[in-house]
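**Q** In this note's numbering, the protein residues as written are 23 to 450.
I have a structure here, written as structure tokens, and I will follow up with some questions on it.
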Ligand code: SF4
């Protein structure tokens, strides 16, 4: 039986241990998704894209607007399930791409997932959180200050919506944080550059009172290479972390996605209330790290970055150090690998290095954002992602590591992490 297309059918046979749902999810994440116009009439209310840090789109806002209103009101995440392949519920992050072969269409008012116009699964959109209706005293929307993701599990606090790695010689070459900020402002959207602690505490108080779905908070923002509001990066973010943990205690798991710090700064974060530390290394290959993350190379350096990750395990406990890498970006051309197996082998070395120390790297799926410096890139082959899922899980199982904390339930049909399928492939 042909499953959606020849590529997916072939990979499903070649990698039978990887759930079909995870293969489809990775394919949608690497290619993006398009939306047909919704029919007139009452629709279920859902949460639209909040542009919580990057654009995570494969077209600019201007291009999307020109394609139709449906792209301006797309959901943050979609859950697919059922259909002719009896798929288990699987959630993916929406990366808008009007040219994608994947599309959400509407049949009898209901949204269905299609590949080249053929519907193959039912869908639901990210639920609208009740607390989004509340307004803050400052007049700002909660969706601006404390948006939720992962089907409501995670509150994502991008405190600083810019990055002080600046321009081609410093910005990570796949990242559009600064350009996205500009396009959101140009489009006239409310898009707060630096969030006020007071707004955040007020938003969290409302969420605490009204919601029972959120379980974790991520505190993050762009890198601060000099100072922001007179503070260096770790002190700047620490003020927010301390204020949140003083007011709410352990109501939420608190995670920080920040630079790789020295141990003294890690200690301060831990004392401030951080439970999970994400010093993202982005790409394992040293030469590619230099080319693709020139700011991180210049201000810290590959070797020092990796050494700091290892040293941070003494502070947080290795199971709570979860550095991210951007899966697929090591195949960016012209500098990257052109062979899938060489690319995965390179990444495997990083997984071995960290997982042998009980540190658990996890990954997001590279989104080819048009405003990033890496331009006109093809998507890495789907086999890269399927093999990576296998290698990631094999390495995790080899070192008998538990499912990472702060991501909700693992396993196919249960995972809520939406920007890669690593949680979907964990076996119970
Ligand atoms: S450190 Fe790199 S990935 Fe992170 S916001 Fe700055 S440019 Fe983007």
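We put the CB at the ideal spot given by N, CA and C, even for glycine.
(1) Compute every distance between the C-beta of residue 451 and the non-hydrogen atoms of ligand 1, then say whether any falls below 8 Å.
(2) On a Cα-Cα basis, can you pick out the residue from 107, 223 and 208 that is closest to residue 162?
(3) What are the uninterrupted segments assigned as alpha helix (DSSP H) that are 4 or more residues long and contained completely in the stretch 343-414, given in chain order?
(4) So for residue 466, helix, strand or coil by DSSP?
(5) Which residues mark the beginning and the end of the beta strand (DSSP E) in which residue 208 is found?
(6) Rounded C-beta distance between residue 109 and residue 55? I'm assuming under 8 Å.
(7) Which full runs of the beta strand (DSSP E) of 3+ residues lie inside the stretch 86-157, going along the chain?
(8) By Cβ distance, which residues of its chain are closer than 6 Å to residue 25, with the 5 residues on each side in sequence left out?
(9) Pick helix, strand or coil for residue 278, following the three-state DSSP scheme.
(10) Under 9 Å between the Cβ atoms of residue 304 and residue 245?
(11) Got a sec, what are the start and stop residues for the alpha helix (DSSP H) residue 34 sits in?
(12) Any idea what DSSP makes of residue 193, helix, strand or coil?
(13) Which two residues bound the contiguous beta strand (DSSP E) that contains residue 182?
(14) Along the chain, where does the alpha helix (DSSP H) that runs through residue 437 open and close?
(15) Using 10 angstroms around the beta-carbon of residue 300, count the other beta-carbons present and answer buried if the total reaches 16, otherwise exposed.
(16) What would DSSP say about residue 448, mapped onto helix, strand or coil?
(17) Quick check on DSSP: helix, strand or coil for residue 238?
(18) Check whether the Cβ atoms of residue 77 and residue 396 lie closer than 9 Å to each other.
(19) Pairing CB atoms from the stretch 209-218 with CB atoms from the stretch 128-147, are three or more of them under 8 Å?
(20) Could you work out which residue in 247, 101 and 202 is closest to residue 126 when comparing CA atoms only?
(21) Leaving out five residues on either side along the sequence, give the residues of the same chain with a beta carbon under 7 Å from the beta carbon of residue 340.
(22) How about residue 318: is its Cβ closer than 8 Å to a heavy atom in ligand 1?
(23) Short of 7 Å in beta carbon distance, which residues of its chain neighbour residue 232, apart from the five on each side in sequence? Order them along the chain.
(24) Helix, strand or coil, according to DSSP, for residue 57 in the structure here?
(25) Report back the beta-carbon spacing between residue 292 and residue 331 to the nearest angstrom; my notes put them in contact at under 8 Å.
(26) Would you call residue 446 buried or exposed, if buried means 16 or more other Cβ atoms sit within 10 Å of its Cβ?
(27) Regarding residue 199 and ligand 1, is the C-beta to nearest heavy atom distance less than 8 Å?
(28) Give me the Cα-Cα distance between residue 364 and residue 96, rounded to the nearest whole angstrom.
(29) According to the neighbour-count rule (16 or more other Cβ atoms, all chains shown, within 10 Å of its Cβ), is residue 115 buried or exposed?
(30) For residue 178, I'd like the list of residues in its chain whose CB is within less than 6 Å of its CB, leaving aside the five on either flank, ordered along the chain.
(31) Tell me, please, which residues DSSP counts as bridged to residue 298.
(32) Regarding residue 244 and ligand 1, is the C-beta to nearest heavy atom distance less than 8 Å?
(33) Could you check where the alpha helix (DSSP H) with residue 259 kicks off and where it finishes?
**A** According to the data block:
(1) It is not possible to answer for residue 451, since the shown part of the chain is limited to 23 through 450.
(2) 223
(3) 362-377
(4) The requested residue 466 does not occur in the structure, where the chain is confined to residues 23 to 450.
(5) Taken as a continuous stretch (DSSP letters only), residue 208 belongs to no beta strand (DSSP E), being part of the alpha helix (DSSP H) at 199-208.
(6) That pair is no contact at about 16 Å.
(7) 99-104, 109-115, 124-129, 132-137 and 140-147
(8) 31 and 34
(9) strand
(10) no
(11) 28-36
(12) coil
(13) 176-182
(14) First-last for residue 437: undefined, no H or E at that position.
(15) buried
(16) coil
(17) strand
(18) no
(19) no
(20) 101
(21) 379, 380 and 381
(22) yes
(23) 152 and 153
(24) strand
(25) Residue 292 to residue 331, Cβ: 15 Å. No contact.
(26) buried
(27) yes
(28) 36 Å
(29) buried
(30) 74, 169, 171 and 240
(31) 277
(32) yes
(33) 255-270
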